[in-house]
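Going from the sequence shown to the numbering used here is simple: count from 1 and add 38.
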Amino acid sequence: MAAVDENSNAVLQGIARHINCLSEENRNTRKKALESIRKDVIDREPPLETDQLGLVFSEILKPMLKVFSDQVEKCRELSLIIVHRLFEKVSDPEERLSYVFPVLVQRLGQQEIVEPSEELRFQLVELLSLLIDKAGPKLPAYLDDCVKILQRTLVDPFPDVKRESCRCASKIAKAIPQYFHMVSESLIKPLLLSITHQHSRIRALVVETIGDVIQYGNGKSVDTVTSHLAQRLFDQVPAVRKAVTKVVGSWLLDLPDRYSFHHKLVPLLLTSITDEQPDICELADSLWHDVGIKFEQENEDDFKDKQDFVKPAPIYYPPDVERPNLGCRTLVNRHASKILPGLMRDICDWVLETRIKSAQLLKTLLINLEEYTTQHIELLLTGMYKASIDEERRVVADVEKSAELTGYFVEPDVWCKLVLTGLRMSHSHGNLLVIAALIRGSQVAKLIPHVTELSQALLNPDICQSIQAPVQIQLLACAEALIMIIKSEVTVISQQLFDLIITVTAMASETVVKEKAWQVLGELSSVQNQESRTELFKRHTKPLLQSFGDGYVAWTNHSPERQIFDTLVLEAGLVVGELLDEVFTIFKCCLKVDKDPEMRLKFFALLSKLVMNSANPLDSQQQFGRVAPSIVKDIILPNCVWKAGRTAGAIRTTAVSCLWALLQSGVLTKESLAPMAEDLVTQITTTMDDDNKSTRLISCRVMTRTFETLGSTLDQDQLHNLYPELLKRLDDSSDDIRVTVSCTFLAYFDCFQDKYDRDLYGAHLEAIYKGLLVHLDDPEQKIQEAVLKVLERAGQIHPQRLLQEVEAVKHKHRNPTYCERLIEYAQDLIKNGAS
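This is the structure we're talking about:
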């Protein structure tokens, strides 16, 4: 002991002058003195023994602590290093703590930052950390000082200071929890101020520190921090989200007051189960499993009956889903009434990330809730309806999955009434999406009693006749879900589903909707073992037509039923031929001249498509010829009557086009046209003079085909009345019409009978020849050639008269070439005995 004192005294004598120099005004003197003390005490070779160092430390501690406030940063740094190293080496630092803590509070714990150097503040906090480790049983005496310091350093702008302060807070919390719980709340606010720091490592460390501060402190602070921890679950850095998962999991396992906060902590841990990082998902899932097991063990008496009489696992359970243990399921069931209201609000939040996380959490909650979902079905449905119309596809996908899980866990007896009531109140596509998902999740046997009611609800005109593509898509999704779930049993609602699909197709304007509709229609046919869609149309087309009743009398162009009829007859194919009477009753009514002009245009276009179809569905039963004359007489000809206006003109064009299609189809024979020949020719003669070029052109073609069909059945007076109209068309402004009417003239002359009295009707022939010869001198060569052919054909009736007329006008023609050819042709006819 004497030797220790002797060596210590020697060291103290050696540094006595240096200690005195610490009071000098000259900064360099103070700096050199500190460097000498460091050399003689800390870096001494050989080093002082621990006891010797303790005696020296006792003498120099106070002077060193005074230098902590020196104006020179280097002096403060050297003194701090010396004190830190001495505390590391001495064996009994507890006795000296009472001198150091007040200085640390003065340098770090003030309202304003006293120590300007970031590095020195960091070293001071490192010293504080060392003192906490060295304090041992005396630490409670300095707890208030530590808290006062940490309240400032936790919000220090220097990241390293924050980081070390967090470690100090965790050390204190773990070292003296029995005292720390009284002051832990005072650290929560500064920690929360740092939880959004720009450095992810700081954010993660702050989260871990909060975990320790509350775990070993006052659990009441959980209420304060849960919202902040929830925000950290949106952090872009996985390490931060993982820290939150660990903290929340540890609280659910070990926090003394955890039962009071289950409803706040459980959603946070379950949110991590659906994290995008697999390791976080696995961690959360493992922690959640452990929480459930521990909950069972802690409530063994409550679980005794359930464990002794364990229900078998549900036979009907969502595929690819691992069933949570009994403790997890019970825990969620007990707190669902507190969790779900807030969750269903958040799932419709204005912040996208909140909606995404909430939708994911809902899915996880339902897996744990299982059959207890029934208790909350109204709240769930209301929230899912709103969330299912979200613009973000990820939200909608998770809500759809949640609705499907609801279908697994809730009986159709329960949800069916509720969704049908909701569907009557709102025709949103979100409601339909939820219904489709519920159907997909339902058990077949329990769903079948409700399928008729469901399909009838979907057929509500306010819903199925919607023109909104999202509604149409979800209607088809509902139909598809019913088809795929009940399969062969779909026969009982096959007609309703057929009507629904055809209606959606008729209302659809987007190709994707129509393609989906035909896909679902194919599925409906397939599950009923029908080889083709034609069989489906055979069964269901007539009932759908009959469902219109006599409502077609009041149809307009915008009537949904008209669009449905249009789609039905176009897609029914050969089936239409079996329903001619029903179909043409509607055509005849809707094409009356007093009906909506726009609707008549649509019906004429539809009739033309049917007639021009290469498969000729109208004549699939060889019965179309029976109704075709009635179409001409009762439908087409009345609509060819002239009326003023563009719409009326368009109707005449479509009516004549339809007549042309009928004539081309070959169903109108000479026998069927003959009774109406006079009316037909008279009306078409009128339309040949229409203002619309298309009408005139098609009318000329119709007249050509009429001449070809009726032939010699037309009497001479009728023929004589027609040629002035035909000659008038040779003066038409359109060359296409003039060429076409030339063909009409050829068919016209074929109608003249062999016994035609050319002498008696010579005046008519003269008028025809003269009218045609005018156009033989037309500026357009194609017109000249067309008229030449007509004259050659006309000359066969009376070549001598033609020769005379040509000779009379030949000298007037600019180019006599065609006249010469015609003279030569007539002379050949006379020579061969045609005269």
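The C-beta atom is built at its ideal place from N, Cα and C for all residues, glycine as well.
For the pair Leu-514 and Ser-585, the Cα-to-Cα distance works out to about 21 Å. Taking 4 residues as the shortest admissible run, the segment 834-870 contains the following complete alpha helix (DSSP H) segments, listed from N- to C-terminal end: 837-847 and 855-869. For Arg-296, no alpha helix (DSSP H) segment is defined, and its DSSP state is neither H nor E. The three-state secondary structure of Gly-147, taken from DSSP, is coil.
Residue ranges of uninterrupted alpha helix (DSSP H) with 4 or more members, entirely inside the segment 546-605 and ordered along the chain, are 549-565 and 571-585.
A buried status is given to Gln-721, since no fewer than 16 other beta-carbon atoms sit within 10 Å of its beta-carbon.
Taking C-beta atoms under 8 Å as the contact rule, Ile-821 and Arg-776 qualify, at a distance of about 6 Å. Beyond the five residues adjoining it in sequence on each side, Gly-421 comes within less than 6 Å, by CB distance, of Met-382 and Ile-385 in the same chain, given in chain order. Judged by DSSP in its simplified three-state form, Asn-64 adopts coil rather than helix or strand. Rounded to whole angstroms, the separation of the alpha carbons of Leu-764 and Gly-809 is 10 Å. Measuring C-alpha to C-alpha distances from Phe-160 to each of Leu-700, Phe-196, Gln-144 and Val-649 identifies Phe-196 as the nearest. In this structure the segment 632-651 lies against the segment 587-603, because at least three pairs of beta carbons, one per stretch, are closer than 8 Å.
The Cβ-Cβ distance between Gly-468 and Lys-401 does not fall below 8 Å. Short of 7 Å from the beta carbon of Ala-495, and not among the five residues preceding or following it, lie these beta carbons of its own chain, in chain order: Leu-458 and Leu-461. Straight through space, the alpha carbons of Glu-133 and Gly-92 are spaced by roughly 11 Å. Between Pro-356 and Leu-418, the C-beta gap is not smaller than 8 Å, which leaves the two residues out of contact. Counting the other Cβ atoms within 10 Å of the Cβ of Pro-175 gives fewer than 16, which makes it exposed. According to the DSSP assignment, Gln-161 belongs to the alpha helix (DSSP H) that extends over 156-173. Taking the Cβ atoms as the reference, Ile-170 lies roughly 7 Å from Ala-213, within the contact range of under 8 Å. A residue is called buried when at least 16 other Cβ atoms come within 10 angstroms of its Cβ; Val-591 does not meet this threshold and is exposed. A check of alpha carbon separations from Ala-546 across Pro-508, Ile-523 and Glu-518 identifies Pro-508 as the nearest.
Look at Cys-454 here: in three-state DSSP terms it is helix. Secondary structure of Arg-82 (DSSP, three-state): coil. Per the Cβ contact rule, the segment 552-570 is not in contact with the segment 469-481 (fewer than 3 Cβ pairs under 8 Å). With the rule of 3 Cβ pairs closer than 8 Å, the segment 719-738 counts as touching the segment 685-697. Counting only residues of its own chain and dropping the five nearest sequence neighbours on each side, Cys-319 has a CB closer than 8 Å to the CB of Ser-310, Ile-311, Thr-312 and Asp-313. Note that the C-beta distance between Leu-165 and Leu-188 is not below 8 Å. Within its own chain, the residues whose Cβ lies closer than 8 Å to the Cβ of Leu-403, once the five positions on either side in sequence are excluded, are Pro-305, Leu-308, Val-370, Ala-374, Ile-377, Leu-378 and Leu-381, listed in chain order. For the pair Val-670 and Leu-718, the CB atoms are nearer than the 8 Å cut-off.
In the displayed model, Thr-191 falls within a helix according to three-state DSSP.
Ranking Cys-789, Gln-253 and Leu-267 by CA distance to the CA of Leu-230 puts Leu-267 first. Under the 10 Å beta carbon count, Leu-497 is surrounded by 16 or more other beta carbons and is classified as buried. Rounded to the nearest whole angstrom, the C-alpha separation of Pro-450 and Val-665 is 51 Å. Between the alpha carbons of His-488 and Gln-481 lies a gap of roughly 12 Å.
Distances from the alpha-carbon of Thr-742 to those of Ser-771, Leu-768, Leu-711 and Cys-781 put Cys-781 closest.
In the displayed model, Cys-678 falls within coil according to three-state DSSP, outside both helix and strand.
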